[in-house]
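Below is one structure, written out as structure tokens; the observations come after it.
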Amino acid sequence: MASGFLEFSREDSAKLEEIRYELGKIGTNVNQIALAANRGRAPMVRAQWASVDELRRSLPMVAKALSQIIAERRRQGVALFRKFVEAQEGARHG
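Residues in the sequence shown are numbered from 1 upward in steps of one, following the UniProt record's numbering.
Structural data, given as structure tokens:
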């Protein structure tokens, strides 16, 4: 963390993946609620609509930020693996 990079254990990375998956499911449910309300099957008061709209706006931003964190973690893992392979090859040839 001191170097400015995100560092997570494998367990934390797996939990982030689970959270990202759950956010997708929540987003789908929010969209289904909005669709049902628009069709008159789930009447909502103004405050409820405001909450649904806020969720529809914010969930994609949260999911995108989480995806970027996960992608950065993967990128770092690949870079570390490449360094390891290069060191192993250097040790064999050196």
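Cβ coordinates follow ideal geometry from the N, Cα and C atoms, glycine included.
Span of the alpha helix (DSSP H) holding residue i?
i	result
ARG82	46-93
GLY27	10-38
Skipping 5 residues on each side, what residues in its chain have a beta carbon closer than 7 Å to that of residue i?
i	result
VAL62	LEU23
VAL30	VAL52, LEU55, ARG56 and LEU59
Taking C-beta to C-beta, are residue i and residue j nearer than 8 Å?
i	j	result
LEU66	LEU16	yes
PRO43	ALA37	yes
ARG10	ILE70	no
SER13	ARG75	no
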